[in-house]
Structures are given as structure tokens and as C-alpha cells.
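The structure appears below as C-alpha cells.
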Amino acid sequence: MRFVVTKVCGGGGKARAGVLHIGGGIETPALLLSTRKGLPSFVSCDLLASLPLPDSLLLHVCPTHFIEGPPMKTISNIGGLHRMLGLPDHILVAAAGDSIESLPSSEATNKFGASFDTPSGRRLVKPSDYMELVSCMKPNLWASLADEVPAWVTEKRNKTSVDRTLRWLDACIALDAAAGANSFGFIVGGSSIEQRRLCATEVAKRNVSGFWIGGFGLGDDIEERCSLLNAVTDCLPPEKPRLVSRLGLPEEVLEGVAAGIDLFDSTYIYQLTMGGFALIFPVDMVGREMQNGLFNNDGGDSTKINLRATTYRKDTSRLVDSCSCFTCQNHTRAYLNHLLNVHEMLAQILLEIHNTHHYLRFFRSIREAINVGEFDVFRQQFVKKRRAHITAAVL
Ligand SMILES: [Zn+2]
Numbered sequence: 026m027r028f029v030v031t032k033v034c035g036g037g038g039k040a041r042a043g044v045l046h047i048g049g050g051i052e053t054p055a056l057l058l059s060t061r062k063g064l065p066s067f068v069s070c071d072l073l074a075s076l077p078l079p080d081s082l083l084l085h086v087c088p089t090h091f092i093e094g095p096p097m098k099t100i101s102n103i104g105g106l107h108r109m110l111g112l113p114d115h116i117l118v119a120a121a122g123d124s125i126e127s128l129p130s131s132e133a134t135n136k137f138g139a140s141f142d143t144p145s146g147r148r149l150v151k152p153s154d155y156m157e158l159v160s161c162m163k164p165n166l167w168a169s170l171a172d173e174v175p176a177w178v179t180e181k182r183n184k185t186s187v188d189r190t191l192r193w194l195d196a197c198i199a200l201d202a203a204a205g206a207n208s209f210g211f212i213v214g215g216s217s218i219e220q221r222r223l224c225a226t227e228v229a230k231r232n233v234s235g236f237w238i239g240g241f242g243l244g245d246d247i248e249e250r251c252s253l254l255n256a257v258t259d260c261l262p263p264e265k266p267r268l269v270s271r272l273g274l275p276e277e278v279l280e281g282v283a284a285g286i287d288l289f290d291s292t293y294i295y296q297l298t299m300g301g302f303a304l305i306f307p308v309d310m311v312g313r314e315m316q317n318g319l320f321n322n323d324g325g326d327s328t329k330i331n332l333r334a335t336t337y338r339k340d341t342s343r344l345v346d347s348c349s350c351f352t353c354q355n356h357t358r359a360y361l362n363h364l365l366n367v368h369e370m371l372a373q374i375l376l377e378i379h380n381t382h383h384y385l386r387f388f389r390s391i392r393e394a395i396n397v398g399e400f401d402v403f404r405q406q407f408v409k410k411r412r413a414h415i416t417a418a419v420l
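So the sequence shown is residues 26 to 420, counted in our numbering.
Here's what the structure looks like:
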């Protein structure tokens with residue numbers, strides 16, 4: 026893997042565009058699509074090909090989803106996860122936890138390994154177990170095992186989490202035959218700027234090819250997040266990619282990009298889809314003022330609409346007029362409303378296709394904005410419109 030920063034925002038800004046060279050080239054800032062047991066929840070292999078390329082090639086896979094699956098040796102004998110899933114060209118990035126099925130359980134984590142709440146109960150995963158999973162699955166990249174803690178833990182527990190995460194990183198690198206060439210060092214530190222800096226500085230000394238910044242989205246204070254993110258990225262070498270997990274709202278992504286984050290891993294699309302929501306906010310807005318009225322509010326919150334609302338029962342329009350996705354090209358809001366009301370899984374399939382498509386276009390717009398030197402304007406306009414909408418809704 027090779028990473029090249031191609032553009033950094035001027036005026037003291039930290040937002041940057043780059044290219045992740047792995048297989049082909051993936052432009053950043055970019056999104057990792059979340060998966061359940063290998064594939065996005067409602068998008069099968071053939072439909073994956075209909076998503077924008079190469080933007081949709083990055084997939085986050087959870088080794089912990091496979092603990093109770095086929096024996097690891099079987100996956101290894103098949104040739105790894107790429108062959109098992111039938112996705113030879115996708116870039117699989119392995120990281121132990123997710124926000125849906127495999128949540129970190131900080132109370133049950135101990136000095137031997139990290140604990141996760143899974144559908145089959147709580148599982149303790151030691152670095153050696155984890156690296157065995159990784160070596161059998163053969164992902165393109167993997168993040169080290171971490172002791173992620175929520176924001177409200179004591180300073181002492183936070184410090185322990187940093188110590189353990191660093192120790193497990195060393196253990197993981199020692200167990201990896203490729204000596205860390207494809208590893209992302211996990212950075213924790215909770216809501217302590219001091220621990221965040223310490224962890225980032227220590228991880229940066231290791232032989233890793235990038236950084237996985239975790240511990241956000243676990244009860245942390247939104248006001249504090251910006252300074253925590255900046256404290257971390259200030260300690261990292263500019264030439265290696267930085268990924269942040271669990272930040273998925275459009276404003277959160279913009280905040281991360283402004284702090285110098287290159288990759289995002291979140292279950293936002295899944296959460297939207299399960300709630301019956303479709304993203305509708307304007308994405309092609311680089312270089313021009315966002316038009317009033319584009320931030321629609323029919324049952325949503327200005328970035329999305331709730332297709333379950335009765336107002337869509339007779340709505341024969343597309344989700345988004347300018348969207349080229351399969352759903353928008355073939356179906357109406359009324360049909361999606363009907364599918365949701367009769368509990369047809371096709372509703373989630375069609376929604377996930379659109380939401381993924383739309384969100385990847387949002388990332389493309391962010392890259393365009395950085396490349397033409399307009400990221401700050403882009404971000405300010407987006408946040409301003411959202412605030413104006415929220416204020417109007419409250420009044
Ligand atoms: Zn669409």
C-alpha cells in the first residue's frame with residue numbers, strides 16, 4: 026500500500042486530498058462501506074457492481090463476525106475472504122469492532138484481550154486469536170486490536186486502555202508475517218487530550234502504514250471532539266493515511282476532513298436504511314451557492330426524508346431527481362413507502378443502494394471542494410444551511 030497526499034487546503038486548513046494506491050487508486054477523503062459477515066447488509070455481489078467505482082471498493086470487514094462461521098482454516102483454504110466472498114477486486118480492511126453487531130465491551134475487556142458484545146454473546150478476543158483470524162482472511166489492510174472505552178470512563182481506565190492498545194499493537198505486528206506493512210495502528214485515548222496525544226505519538230513510532238482513530242461515537246461530547254481529533258492528527262506524520270471510525274453524519278465527516286482525516290468508517294448508511302430514511306441533501310454544490318428549498322423537510326431533518334411518512338404514499342417522484350442510482354432510475358417514493366409499509370426487504374435493498382450512492386457522491390464533492398480550494402466555503406455553507414433549517418423547525 027502507498028499513500029500520496031495530492032492537495033492540502035491553504036490558509037492553515039488541514040483538509041487534504043490524496044490517493045490510496047492499493048490495487049488501483051482510491052481518491053481520498055473516502056468512505057469504507059460497512060459490512061455484515063463480508064457484504065454490505067442489503068447489497069449483494071451483483072448489485073455492488075452498480076455502485077460508483079472505484080469509490081465503492083473499500084469495505085470494512087469484521088473478523089469477529091466470522092468467529093462462529095466456518096473454521097478459519099476453511100476460509101484460508103478457499104484462498105481468503107476475497108475468494109470466499111467473490112470480490113477479487115475489492116479492498117478489504119479488517120478491524121475488530123463495529124457499531125451494530127460487534128460492540129466493544131469495555132467492562133469485560135481485560136489485560137489478555139478485548140471483549141465484544143456479539144449476537145452470540147460476549148467474546149474475549151486476544152491479539153493471537155485476532156491475528157489468526159486476520160491471517161486466514163487475508164484482507165488488504167488490517168487495524169490492530171484495541172481497548173476502546175466510552176468517553177465517561179475514569180482517567181485511570183482511559184490510561185489503561187492506551188497502555189493495552191499499544192501493547193496489543195506490538196503483539197499484532199510481531200505476529201504478522203508482513204511485519205506491519207499493511208497495518209493501521211489503532212489510536213485511543215477517550216476524551217483526554219493528553220492520552221490521545223500520547224497514544225498517537227507512540228503509535229506513530231511503530232512500523233505501521235496508517236492510523237485507525239477509534240473511541241469516538243461512544244458517548245463523547247460533540248463540542249470536545251474537534252479539539253480531540255486535531256490533537257491526534259497534529260501528532261501524526263502527514264505522509265500516512267488516517268482513518269476515523271464511527272463518525273458518519275455529514276457534519277461529522279466535514280469536521281473530520283477539516284481535521285485532516287482521509288478515511289471514514291461508519292454504519293451511518295445502515296442506520297439510515299433500517300430507519301426507512303433516504304438521503305436527499307444536495308451534493309453537487311461546489312463552486313455555487315446552495316439553493317434555498319433544496320433542503321427539503323418532508324418527514325426528515327433536511328438531509329434525509331422518512332419514506333414511512335404518509336405524505337409519500339402518492340408521491341410519484343424519484344428520491345432525488347439528479348441521482349443516477351438504480352433505485353432513482355426505476356422506482357418512486359410511493360413504491361418505497363409501500364414496500365416499507367408491507368415490510369418487504371426490497372425496501373431496504375433499494376434504500377441502501379440509493380443511500381450508498383448518494384453518500385459516495387457527497388465524498389466526491391468533498392474531494393472536488395478540496396481540489397479547487399473551496400473546502401472551507403463548502404463546509405460553512407453546508408453547516409449554515411443545516412443550522413438554518415434546524416432553527417426554522419424549532420420555531
Ligand atoms: Zn438514488
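Virtual Cβ for every residue (Gly too), placed ideally from N, Cα, C. Treat the numbers as computed from the prediction; the structure is a model and nothing was measured.
Contact belief for residue i with residue j at Cβ below 8 Å, rounded distance in angstroms
i, j, result
"P88", "M162", "6 Å"
"F289", "L56", "5 Å"
"P54", "D287", "6 Å"
"L361", "L375", "6 Å"
"F44", "H85", "Note that residue 44 is Val in the sequence shown here, rather than Phe. Contact flag wrong, Cβ pair sits at about 20 Å."
"I330", "I294", "The pair is not a contact, with the Cβ atoms about 15 Å apart (cut-off 8 Å)."
"S347", "R411", "The Cβ separation is near 20 Å, so there is no contact."
"F209", "L268", "6 Å"
"D123", "M156", "The pair is not a contact, with the Cβ atoms about 19 Å apart (cut-off 8 Å)."
"F400", "G38", "7 Å"
"F403", "A394", "4 Å"
"K184", "Q220", "6 Å"
"H363", "P77", "With 8 Å as the limit, H363 and P77 do not qualify as a contact, their Cβ atoms being about 27 Å apart."
"R27", "H46", "4 Å"
"L223", "V187", "6 Å"
"L344", "T336", "Not really, about 14 Å apart at Cβ, beyond 8 Å."
"A225", "L166", "At roughly 19 Å, the Cβ-Cβ gap does not stay under 8 Å, so A225 and L166 are not in contact."
"I116", "L82", "5 Å"
"S291", "S59", "7 Å"
"A40", "G285", "7 Å"
"R148", "I92", "6 Å"
"V68", "E377", "6 Å"
"K32", "N396", "6 Å"
Cross-strand partners of residue i (DSSP beta bridge)
i, result
"P54", "Paired residue(s): none; P54 is not in a bridge."
"W167", "A119, S208"
"L45", "F28, I51"
"R267", "F236"
"G35", "Its beta-bridge partners do not exist; DSSP assigns none."
"N421", "Shown here, the chain extends from 26 to 420; a query on residue 421 therefore has no answer."
"K329", "L304"
"R147", "D142"
"L253", "Answer by DSSP bridge pairing: none, since L253 is not bridged."
"D290", "L57, S270"
Near ligand 3: residue i beta-carbon under 6 Å from a heavy atom
i, result
"T352", "Among the ligands present in this structure, namely ligand 1, ligand 3 is not found."
List in chain order: all unbroken beta strand (DSSP E) runs of 3+ residues lying wholly within the segment 47 to 130. 49 to 53, 55 to 59, 83 to 86, 116 to 119
Would the segment 219 to 235 count as touching the segment 130 to 150 if we require 3 or more Cβ pairs under 8 Å? Because the criterion of three Cβ pairs below 8 Å is not met, the segment 219 to 235 and the segment 130 to 150 do not touch.
What runs of the alpha helix (DSSP H), each 4 residues or longer, lie entirely inside the segment 180 to 240? 180 to 200, 218 to 230
Kindly confirm or deny that the segment 166 to 184 and the segment 209 to 227 touch, where touching means at least three C-beta pairs closer than 8 Å. yes
Three CB pairs or more closer than 8 Å across the segment 366 to 383 and the segment 293 to 303: yes
Are the segment 155 to 169 and the segment 101 to 121 in contact at 8 Å, needing three or more beta carbon pairs? yes
Would you say the segment 239 to 253 touches the segment 263 to 279, given that touching needs at least three Cβ pairs under 8 Å? yes
Three-pair Cβ contact test at 8 Å for the segment 133 to 153 versus the segment 184 to 200: yes
Quick check on the DSSP output: what are the complete alpha helix (DSSP H) runs of length 4 or more inside the segment 355 to 402, in order along the chain? Taken in chain order, the complete alpha helix (DSSP H) segments of 4 or more residues contained in the segment 355 to 402 are 358 to 366, 370 to 396.
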